[in-house]
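**Student:**
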Amino acid sequence: PTLEGWQISPFYQPAREVGGDFYDFFELPEERLGLVVGDATGKGVPAALVMASARSMLRAVAQASDYSPGDVLERVNDALVPDIPPNMFVTCFYAILDSRSGSMSFANAGHDLPYVWHSGEAQELRARGMPLGLMPQTSYEENEIILGAGESALFYSDGLVEAHDPQRDLFGFPRLRGLVAEHGKQGSLEEALLEELYSFVGEGWEQEDDITLLTLRRATARS
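Start counting the sequence shown at 1; every next residue gets the next number (my numbering).
1. Just to confirm my understanding: we take Gln123, look at its own chain, exclude 5 residues before and 5 after, and list those with CB closer than 6 Å. What are they?
2. State yes or no: is the C-beta of Gly129 within less than 7 Å of the C-beta of Val90?
3. Can you have a look at Gly148 and say buried or exposed, based on whether 16 or more other CB atoms are within 10 angstroms of its CB?
4. Can you give me the start and stop residues for the beta strand (DSSP E) that Val37 sits inside?
5. Given this structure, state the Cα-to-Cα distance separating Glu4 from Ser101, to the nearest angstrom.
6. Does DSSP put Asp24 in a helix, in a strand, or in coil?
7. Please name the residue or residues paired with His164 in a DSSP beta bridge.
8. Leaving aside the five residues before and after Leu170 along the sequence, list all residues of the same chain whose C-beta is less than 8 Å from its C-beta, in chain order.
9. Just mark Met135 as buried or exposed, buried being the case when its beta carbon has 16 or more other beta carbons within 10 Å.
10. Just the Cα atoms here: how many angstroms apart are Gly20 and Pro1?
11. Whose CA, out of Ser152, Leu154, Ser105 and Ala62, lies closest to the CA of Glu141?
12. Bridge partners of Asn143, per DSSP?
13. Can you tell me which of the three DSSP states Phe89 falls into?
14. Going by the CB atoms, is the gap between Arg75 and Phe26 shorter than 7 Å?
15. Report the rounded CA-to-CA distance for Leu35 versus Arg55, giving the unit in angstroms.
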């Protein structure tokens with residue numbers, strides 16, 4: 001989507017022809033935007049089928065009424081539980097951005113914590129909640145932040161932090177957080193992260209998991 005005063009940059013690279021990662025955007029009333037990043041367990045076709053089902057449910061529920069992020073995840077979870085295959089689940093981070101004020105409310109269903117670049121530091125966006133599809137009648141904590149001028153947020157999947165070098169060392173959360181703090185002010189955070197990733201894993205790297213990056217940046221000044 002195109003939002004005045006905002007830059008949205010997605011990147012998606014599946015480990016196979018199809019994968020279980022997903023991201024999506026839902027246009028909501030009053031210049032608000034729903035953003036979701038998720039990851040179905042596994043890879044290939046089984047994960048892709050669960051991903052597609054979860055994504056469709058999220059879109060339907062998010063646009064059906066003025067539900068909060070926690071309400072959306074709760075309703076989607078209850079719908080997924082009866083149908084999801086055994087030993088599978090979906091992690092998911094869902095946020096609603098008010099593009100005018102910069103306010104962003106969010107809830108998290110067991111997904112890796114996003115980071116917000118603020119004054120040279122990378123801060124975690126924390127909200128507790130179980131992955132989707134594991135247990136019925138689960139509630140999801142909601143929190144809210146305000147993205148100021150020039151600030152950015154990074155949403156991602158675990159394929160990035162779980163990538164490893166030839167010595168089997170993981171890329172890891174500390175490295176990612178440090179990179180967000182260092183490069184978060186730039187307009188090409190995802191490029192810096194990918195450059196560091198490819199340098200870390202080395203030549204001949206065989207990607208084992210889907211990788212999704214989604215950066216959201218507020219302009220320094222609105223026109």
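A virtual CB, placed ideally from N, CA and C, is assigned to each residue, including glycine.
**Tutor:** Walking through what the data contain:
1. Val116
2. Going by C-beta atoms, Gly129 is not nearer than 7 Å to Val90.
3. exposed
4. Arg32 to Ala40
5. Straight through space, the alpha carbons of Ser101 and Glu4 are spaced by roughly 12 Å.
6. strand
7. His164 pairs with Leu170.
8. Val161, Glu162, Ala163 and His164
9. exposed
10. 22 Å
11. Ser105
12. Phe106
13. coil
14. no
15. 11 Å
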